[in-house]
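Quick note, our numbering runs 38 ahead of the 1-based positions in the sequence shown. We treat Cβ as the ideally placed atom computed from N, Cα and C, and that holds for glycine. Being a predicted model, the structure only gives us computed values, none of them experimental. Worksheet: one structure, shown below.
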Amino acid sequence: MKKRISIIALLVCSFAIAFAAFADLNGKWKGTLKFGDFELPLTYTFKVDGETVTGACTTDQGDLPILNGKIKGSDFTFALDIQGQQMPQTGKFYGDSTVITSEFQGQKTHVKLIRAQ
């Protein structure tokens, strides 16, 4: 019985490792940032190279480059330059979605992104 449980656990871990190797943050992600009644569609384009994250956030106002991007496991951080002020961002990658938390001028926001088709 213990041998069977060990084999099952090993198979589950192997599947998780294989999934992590194929599912990554690279590419386009879409979501909507909501402020009360105001909604702002966002498209993030991420490029991961080792532990470095680059790319941009695209809004209807234009592109904001990703600055100082770092990734470790499923957690990542970066900043966006908003009118000369850096807006820190933290993210958590879940495979089929990611959640980004931002803080700007004392306001915290959260946005869920899904992979763009």
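* Can you check the stretch 56-97 for any beta strand (DSSP E) of at least 3 residues that lies completely inside it and give the ranges in chain order? => Runs of the beta strand (DSSP E) inside the stretch 56-97: 65-73, 76-87 and 90-97.
* Identify whether Ala117 lies in helix, strand or coil by the three-state DSSP scheme. => Counted from its first residue, the sequence shown places residue 117 at position 79. Strand.
* 8 Å Cβ shell around Gln127 - same chain, five flanking residues per side excluded -> Working through the sequence shown from its first residue, we reach residue 127 at position 89. Hits under 8 Å: Thr115, Phe116, Ala117, Leu118, Ile138, Thr139 and Ser140.
* Can you pull the DSSP bridge partners for Gln127? -> Mapped onto the sequence shown, residue 127 falls at position 89. Residue pairing of Gln127 in beta bridges, as defined by DSSP: Phe116 and Ser140.
* Determine the extent of the beta strand (DSSP E) in which Gln145 is found, giving its start and end residues. => As a first step, residue 145 must be located in the sequence shown, where it is residue number 107. Going by DSSP, Gln145 is part of the beta strand (DSSP E) stretching over Gln145 to Arg153.
* DSSP three-state assignment for Gly100, whether helix, strand or coil -> Within the sequence shown, the letter at position 62 stands for residue 100. Three-state result, Gly100: strand.
* To do: Below 8 Å on the Cβ atoms is my guess for Leu63 versus Ile109; work out the distance and round it to an integer in Å.
  => Position 25 of the sequence shown, counted from the start, is the residue given in the question as residue 63. Position 71 of the sequence shown, counted from the start, is the residue given in the question as residue 109. 7 Å between Cβ atoms; contact.
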